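First the structure, in the form of structure tokens, and then the observations on it.
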Amino acid sequence: MSRIWAGTDCGKSHHHCLVMNADGDTLLSRRVANDEPELLKLIADVLGIVGGDRATWAMDMTGGEPALLIELLLNHGQELVYIPGIAVNRATDSYRGVGKTDARDARVIADQARMRRDLQPIRPGDEAAIELRLLTEHRSDLVADRTRTVNRLKSLLTSMFPALERAFDMGTTGALVLLMGYQTPAAIRRAGKRRLAMWLRNRKVRTPEAVAAKALEAADRQHTAVTGEKAIAKMVHTLAKEVMTLNEKIAETDKLIEGRFREHELAEVITSMPGIGPILGAEFLAATGGSLDAFPTADRLATFAGVAPAPKDSGQVSDNRHRPRRYHRRLQRVFFQSAMVSIRWDPNSRRFYDRKRAEGKHHVQAVLALARRRVNVIWALIRDRRCYTVTPPVTHAA
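Everything in the sequence shown is counted per our numbering, starting at 32 for the first residue and increasing by one.
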């Protein structure tokens with residue numbers, strides 16, 4: 032039997048698999064439940080078509096809904112390739128028909144896998160990288176929830192007590208503890224500086240006298256109660272308590288991430304790079320899968336991270352480059368943020384940044400250029416399994 036390709040349109044409860052041969056003829060088209068017995072039967076039927084040999088399976092997702100199918104295929108030694116969903120959507124327009132069905136999408140995926148040779152293979156996931164990905168994604172959700180809650184808190188406080196909202200950063204512990212006990216200008220004035228400072232000190236707030244003085248200064252600037260003050264004060268108390276709870280959850284998650292990250296064999300190498308700590312290091316491992324097997328060159332890693340400019344030439348316009356549209360945004364955040372920090376602490380990074388600014392680049396361009404250079408460095412460090420040093424080691428020619 033000649034080579035066959037199995038395109039799979041993945042869904043939550045069901046997948047649709049379509050198998051075609053080298054001539055583009057459909058050999059099998061089936062909707063299958065996302066359940067192990069049904070998936071095993073599908074794999075057996077597809078392998079029966081190919082005579083027991085390997086088939087090439089293509090899908091538009093690499094985790095989540097098709098995770099069970101991917102694990103079963105890897106256990107059966109099958110070849111898996113990934114085609115991005117945006118590529119499937121754009122390729123669909125070139126096929127006959129205007130309707131959208133799972134069977135049609137599966138056919139497009141299979142046909143694209145049959146014609147293209149540049150698709151990324153899906154490899155077995157590293158256990159530590161998978162755990163770090165789950166933990167870092169959970170942390171991102173918690174941070175997003177905290178940001179939304181803080182914004183709601185600031186909006187409510189501005190409508191009732193704008194002087195206090197201007198006086199404090201509502202994400203700090205001191206401000207949140209204060210709002211859990213005192214929300215209105217009148218309540219703060221009644222408490223007084225001494226009593227308020229003692230109340231804050233008993234709750235382990237840093238510099239309670241300074242926090243109390245700042246709160247009283249804000250309270251002295253407003254002697255008018257707005258309409259609905261009691262209801263707003265209750266909501267402010269509730270939101271401040273929610274932010275405190277989210278801060279505690281984020282701190283607990285950070286400990287879990289750091290503990291799991293430190294167990295990885297590349298942890299010491301990655302954190303030796305200035306600007307990369309356990310959280311950014313964990314996100315790096317989660318994005319790359321725990322190794323550089325998918326990135327044979329530093330250029331490939333830079334392109335994946337979105338720090339390598341893509342050409343945009345047309346006609347007489349040449350050497351025009353722009354930020355790529357497809358890249359791993361969280362990995363780009365790792366390199367950009369770590370580059371920002373390294374400018375302050377690493378002399379090599381500072382010299383490179385200053386040189387780019389002297390060439391006329393603005394701040395963001397210079398930081399992106401530094402991030403691109405740091406991709407080369409961290410790729411070489413991981414390849415050689417050595418830690419970063421300010422002075423590079425001396426290499427001797429053979």
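Beta carbons are placed, not taken as given, at the ideal position from N, Cα and C, and that holds for glycine.
Bear in mind the structure is a predicted one, so any value in this text is a computation, not a measurement.
Check	Outcome
Identify the residues that DSSP records as bridge partners of residue 88: which are they?	37 and 111
Taking only the alpha-carbon atoms, compute the straight-line gap between residue 300 and residue 412 and give it to the nearest angstrom.	7 angstroms
Verify whether the separation of the beta carbon atoms of residue 164 and residue 317 is less than 8 angstroms.	yes
Measure from the alpha carbon of residue 192 to the alpha carbon of each residue in 153, 247 and 158, then state which is nearest.	247
Using DSSP bridges, identify the partner residues of residue 57.	51
In terms of DSSP beta bridges, what is residue 46 paired with?	63
Tell me whether the beta-carbon of residue 198 lies closer than 8 angstroms to the beta-carbon of residue 249.	yes
Within 8 angstroms, do at least three Cβ pairs link the stretch 132–139 to the stretch 72–84?	no
Flag this pair as yes or no: are the beta carbons of residue 362 and residue 380 separated by less than 8 angstroms?	no
Identify, in the order they occur along the chain, each residue of the same chain with its Cβ nearer than 8 angstroms to the Cβ of residue 273, setting aside the five sequence neighbours on each side.	180
For residue 86, is the classification buried or exposed, using 16 other Cβ atoms within 10 angstroms of its Cβ as the cut-off for buried?	buried
On the criterion of 16 or more Cβ atoms from any shown chain inside 10 Å, does residue 32 qualify as buried, or is it exposed?	With a pLDDT of 49 at residue 32, under the threshold of 50, the predicted position of this residue should be treated as unreliable, though the coordinate-derived value follows. Looking at its Cβ environment, which holds fewer than 16 other Cβ atoms inside 10 Å, residue 32 is exposed.
Within a Cβ cutoff of 6 angstroms, which residues of the same chain sit near residue 429, ignoring the five residues on either side of it in sequence?	Confidence at residue 429 is low in this model, with a pLDDT of 46, below 50, so the placement of that residue should be treated as unreliable; the coordinate-derived value is given next. Closer than 6 angstroms at the Cβ level, and outside the excluded window around residue 429, lies no residue.
What residue does the alpha helix (DSSP H) around residue 368 start on, and which one ends it?	360–376
Mind checking which residues open and close the alpha helix (DSSP H) that includes residue 336?	329–336
Are the CB atoms of residue 309 and residue 376 nearer to each other than 8 angstroms?	no
Between which two residues does the alpha helix (DSSP H) carrying residue 161 extend?	158–191
For the alpha helix (DSSP H) that residue 205 lies in, which residues bound it at each end?	204–212
Look up residue 152 in the DSSP assignment and say whether it is helix, strand or coil.	strand
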